[in-house]
Amino acid sequence: MDVFADRAVWILVPALLAIIGASTMGLFGGNKMPVEGKTVLVTGASEGMGLSAAQKLAARGANVILISRSAKKLEEALKSVKAAAKNPSTQRFHYISADVSTPSYAAPVIAEATQWNNGKTPDIVWCVAGTSAPELFVDMDMQSLRTQMDVNFFGTADISHAILREWLAADAPVDTEPKHLIMTTSVVALYTIPGYAPYAPSKWAIRGLADTISQEAMLYPQNVKVHVVYPGTILSPGFERENLSKPQITKILEESDPKQTPDQVAEAAIRGLEKGDYFVTVNYLGSLMKWGMLGGSFRNNWVVDTLGAWLVSIVWIFVQMDLHGKIRSYGKKHGHPSTYKKHQA
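Going by our numbering, the first residue of the sequence shown is number 1, and it counts up by one from there.
Here it is in structure tokens:
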């Protein structure tokens, strides 16, 4: 998908200065999500992006609650998060072992987190937990799609529902400082490619949920902000597991995509959150894809996003020519997909 840049640089150049100039308007508005002294709950925090985000939040002065399935991995993760603390003598850290795919997991997690936090709900909840097992739709077992929906979508939806019931209750305090609900989806929720049939629906569903509740939150007197983070390829243990089942055509189509470490993604995401962005992208490709798919979603910056959407509507001509050409060529060269090796190297 790197063809966005490769095939359309000449389209981007005329508007580049305008976009950069407009985007600087968001650089001087202060930190919209300060975390020092606040309590942040992070799911999927035992490895990858979730762990990196927890470490970086600790380095900014936050108290952090880590959520993941494996207590053993959480114990190790907690040590590294404590080591990153900005104020080790005053910051507090905790972990809760929970399976986000279990329908009943969220309310007890919020209750335990609140009790540990001296009777106060977390100030920020960041849903990072996720899993990906790419396959062609015809080849996959339907249980794979259901499993990924349970972890990725319902794991996010359940804890979002539980925390919003607390933050938006009739007797909940109305604070000047907002609470923040952060959902982590994927750039496949902006544009997907062959191989992500078991995975993409769960990530698109997160975007639909976020777009809905970000508007519903406006009905309440409490100050609650919703954000959606759109990572691409993260060089994490999850990516290594994902590649075990990933079809060869999927690897070909995304081979030139930007690849980032968990630390790079977490830092870029937090900077976007600190700017107050609703759609938080972590590299140039994610931003280009975002501009092509905003629809009725909230804008981070009306000038930048409108200019970007105009540019990408033209860029899409070249993108689809390239991607669809690769897909058809692969099909002609390799024959019927039923003849492919189940897991091509």
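Here a beta-carbon is modelled for each residue, glycine too, at the ideal position from N, C-alpha and C.
Counting along the chain, Lys225 sits inside the beta strand (DSSP E) bounded by residues 224-230. Sorting Lys72, Ser68, Lys79 by C-alpha distance to the C-alpha of Ala58 places Lys79 at the top.
The DSSP assignment places 124-127 as complete runs of the beta strand (DSSP E) inside the region 106-166, in order along the chain (cut-off: 3 residues). Excluding sequence positions up to five before and after Glu216, its CB lies less than 7 Å from no other CB in the same chain.
Going by DSSP, Met183 is part of no alpha helix (DSSP H) but of the beta strand (DSSP E) stretching over 179-184.
The continuous alpha helix (DSSP H) containing Ser80 extends over residues 71-83. A residue is called buried once 16 or more other Cβ atoms fall within 10 Å of its Cβ, and Pro88, having fewer, is exposed.
Residue pairing by DSSP places Ile96 opposite Ile67 in a beta bridge. Per DSSP, the unbroken beta strand (DSSP E) holding Phe279 starts and ends at 279-281. When DSSP states are grouped into helix, strand and coil, Val312 belongs to the helix group. Scanning the region 36-65 for uninterrupted alpha helix (DSSP H) segments of 4 residues or longer gives 48-59, listed from N- to C-terminal end. By the criterion of a C-beta distance shorter than 6 Å, Ala62 is surrounded in its chain by Val35, Lys38, Val40, once the five residues flanking it on both sides are discounted. By the 16-neighbour rule on beta-carbons within 10 angstroms, Thr176 is exposed. Short of 7 Å from the beta carbon of Tyr105, and not among the five residues preceding or following it, lie these beta carbons of its own chain, in chain order: Ala98, Asp99, Asp158. The region 221-236 and the region 184-192 touch, with no fewer than 3 CB-CB distances between them shorter than 8 Å.
Here Phe153 is near Ser202, since their CB atoms are less than 9 Å apart. In summary, Arg60 is buried, with 16 or more beta-carbon neighbours lying within 10 Å of its beta-carbon over all protein chains present.
Ranked by how close their Cα comes to the Cα of Ala84, the residues Ile96, Ser68, Trp204, Lys56 have Lys56 in first place. Looking from the CA of Trp316, the closest CA among Lys341, Glu274, Glu166, Lys290 belongs to Lys290. Taking 8 Å as the upper bound for CB-CB distance, Pro194 and Pro122 are not in contact here, some 39 Å apart. Residue state for Thr176 is assigned as coil, using DSSP reduced to three classes. In the structure shown, Lys86 adopts coil according to DSSP, grouped into three states. Under DSSP, Tyr199 takes part in no beta bridge, so it has no partner.
Apart from sequence neighbours up to five positions away, the residues of its chain that approach Val188 with a beta-carbon distance below 7 Å are Tyr196, Tyr199, Ala200, Lys203, ordered along the chain.
Secondary structure of Ile234 (DSSP, three-state): strand.
Sorting Ala45, Lys72, Thr114, Pro103 by C-alpha distance to the C-alpha of Val81 places Ala45 at the top.
For Thr261, same chain residues with a beta-carbon under 7 Å away, outside a window of 5 residues either side, are Leu235 in chain order. Counting C-beta pairs with one atom in each stretch, the region 70-79 and the region 114-132 have fewer than three that are closer than 8 Å, which means they do not touch.
Non-local beta-carbon contacts of Gly119 in its own chain, meaning distances under 6 Å to residues more than five positions away in sequence, are absent.
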